[in-house]
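Report on one structure; see the data block that follows.
In our numbering, the protein residues as written are 619 to 779.
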């Protein structure tokens, strides 16, 4: 069991112990119940192993398909825009020099074209990442998927444990 999932199971255990103490009117020793529950947590979790396995597989699949923004800045994504920017920069400098503009001014125009191309490339990559990130964020709150499997695992852990 992952450490974060174990913490979730322990939070569930704490809530169950608090509920038991509340139902007993304070006659049950919450600390003793909690200590017994923590020592038996692995045994209780084995009762919900099937649900946990399904949840863990779904989490791994979701993590595998989620791509961070840094992966979108790969050669494949930015290769063409960088090439177009380089050609446009060279063309701007070459055209200015051919028309008799001073070299400093021509290089300045080339720098402006390079900055505009770089900004466009970053905007393109970021714009392609934005919808995917929001779609994932929206899907996290919908029924089904990993959240549904997480709830099934926690329910099985509570009922069988």
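All C-beta atoms in this analysis are idealised placements derived from N, C-alpha and C, irrespective of residue type, glycine included.
Keep in mind it's a predicted model, so treat the numbers as computed, not measured.
> Secondary structure at residue 684, three-state DSSP: helix, strand or coil?
Replying inline: Of the three classes helix, strand and coil, the one that applies to residue 684 here is coil, per DSSP.
>> If you follow the alpha helix (DSSP H) that residue 663 is in, where does it begin and where does it stop?
In response: It spans 659-664 - the alpha helix (DSSP H) in which residue 663 sits, taken as one unbroken run.
> Taking the alpha carbon of residue 704 as the point to measure from, which residue in 716, 725, 717, 718 has its own alpha carbon closest?
Replying inline: Nearest option by C-alpha distance: 725.
> At what residues does the alpha helix (DSSP H) containing residue 772 begin and finish?
Replying inline: Per DSSP, residue 772 belongs to the alpha helix (DSSP H) from 763-778.
>> Please tell me whether residue 664 and residue 743 are closer than 8 Å, where the distance is taken between their beta carbons.
In response: The criterion of a C-beta distance shorter than 8 Å is not satisfied by residue 664 and residue 743.
>> Classify residue 669: buried if its beta carbon has 16 or more other beta carbons within 10 angstroms, exposed otherwise.
In response: That one is buried.
> From residue 721 to residue 733, what does the alpha carbon distance come to, in whole angstroms?
Replying inline: Roughly 18 Å between the two C-alpha positions.
>> What would DSSP say about residue 707, mapped onto helix, strand or coil?
In response: The answer is helix: DSSP assigns residue 707 an H, G or I state.
>> Relative to the C-alpha of residue 729, which candidate in 637, 619, 710 has its C-alpha closest?
In response: Of the listed residues, the one whose Cα sits closest to residue 729 is 710.
>> Which of the three DSSP states is assigned to residue 656 in this structure?
In response: Residue 656 falls in the helix class under three-state DSSP.
> With C-beta atoms as the reference, is residue 666 less than 8 Å away from residue 771?
Replying inline: Taking 8 Å as the Cβ cut-off, residue 666 and residue 771 qualify as a contacting pair.
> How should residue 769 be labelled, buried or exposed, when 16 other C-beta atoms within 10 angstroms of its C-beta is the threshold for buried?
Replying inline: It counts as exposed.
> Of the residues 693, 658, 635, which one's Cα is nearest the Cα of residue 647?
Replying inline: Closest option to residue 647, judged by alpha-carbon separation, among 693, 658, 635: 635.
> Around the Cβ of residue 708, are there at least 16 other Cβ atoms within 10 angstroms (buried) or fewer (exposed)?
Replying inline: It is exposed - the Cβ of residue 708 has fewer than 16 other Cβ atoms within 10 Å.
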